[in-house]
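By the UniProt record's numbering, the letter at position 146 of the sequence shown is numbered 146, and the numbering carries on one by one without gaps.
See structure below.
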Amino acid sequence: MLLEWKTKRFETLSSLELYELLKLRSEVFVVEQNCVYLDIDGKDEKALHLLGTFEGKIVAYARLFKPNDYFAEASIGRVVTHPDFRDRKIGHILMREAVESIRIYFGESKITISAQLYLKKFYESHGFIQTSEMYLEDDIPHIEMKRS
């Protein structure tokens, strides 16, 4: 399965791309995880948006931030794959693309993330290490993780 990857600034997203990525985030982070929170948090305008598409549909997505826009280091957030495509290990491809995009667009290798605790091993497989105790974010256990 070959995905097409695009990295776009907020103002260059088409209305259809914006609609699709917000729908995917809402489907997973609000509905699937049964977590009522404001996904549209005012940070999308600062982020680069990494879109993985298959046959024109967004199936993988992440937000990328330069240093000091979210954490002191560059960061990756809203990492999500479409539920219909999770059996294809797209999340691993997405993380490799995200880390490489941080290097290309921001010239950074140090990355900080706020990770859902249950995904700790997934992020460790991409070079991240836990750097905080567990904390609740929107009633979901999270940990801070860093990659050098």
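Glycine included, each C-beta is placed from N, C-alpha and C at the ideal position.
Model, not experiment: these values are computed from the prediction.
State the beta-bridge partners of Val31 as determined by DSSP. On the sequence shown, residue 31 is found 31 positions in, with the first residue counted as 1. Per DSSP, none; premise fails for Val31.
Where does the unbroken alpha helix (DSSP H) through Ala98 begin, and where does it stop? Translated into the one-based positions of the sequence shown, residue 98 becomes position 98. Its alpha helix (DSSP H) spans residues Ile90 to Phe106.
Who are the near neighbours of Met134 in its chain, counting only those whose CB is closer than 8 Å to its CB and skipping five residues on each side? As a working mapping, residue 134 is identified with position 134 in the sequence shown. Contacts found: Leu117, Pro141, His142 and Ile143.
Can you tell me the Cβ-Cβ gap for Arg147 and Ile111, rounded? I've got them flagged as a contact below 8 Å. In the sequence shown, the residue the question calls residue 147 occupies position 147. In the sequence shown, the residue the question calls residue 111 occupies position 111. Contact holds; Cβ gap of about 5 Å.
Around the C-beta of Val99, are 16 or more other C-beta atoms found within 10 angstroms, so that it is buried, or is it exposed? Sequence index remark: in the sequence shown, residue 99 carries index 99 (1-based). When all chains shown are included, Val99 counts as buried.
Grouping DSSP H, G and I as helix and E and B as strand, with all else coil, what is Ser15? Sequence index remark: in the sequence shown, residue 15 carries index 15 (1-based). Helix at Ser15.
Do you know how far the Cα of Met145 is from the Cα of Leu21? Position 21 of the sequence shown, counted from the start, is the residue given in the question as residue 21. Position 145 of the sequence shown, counted from the start, is the residue given in the question as residue 145. Whole-angstrom Cα-Cα distance: 24 Å.
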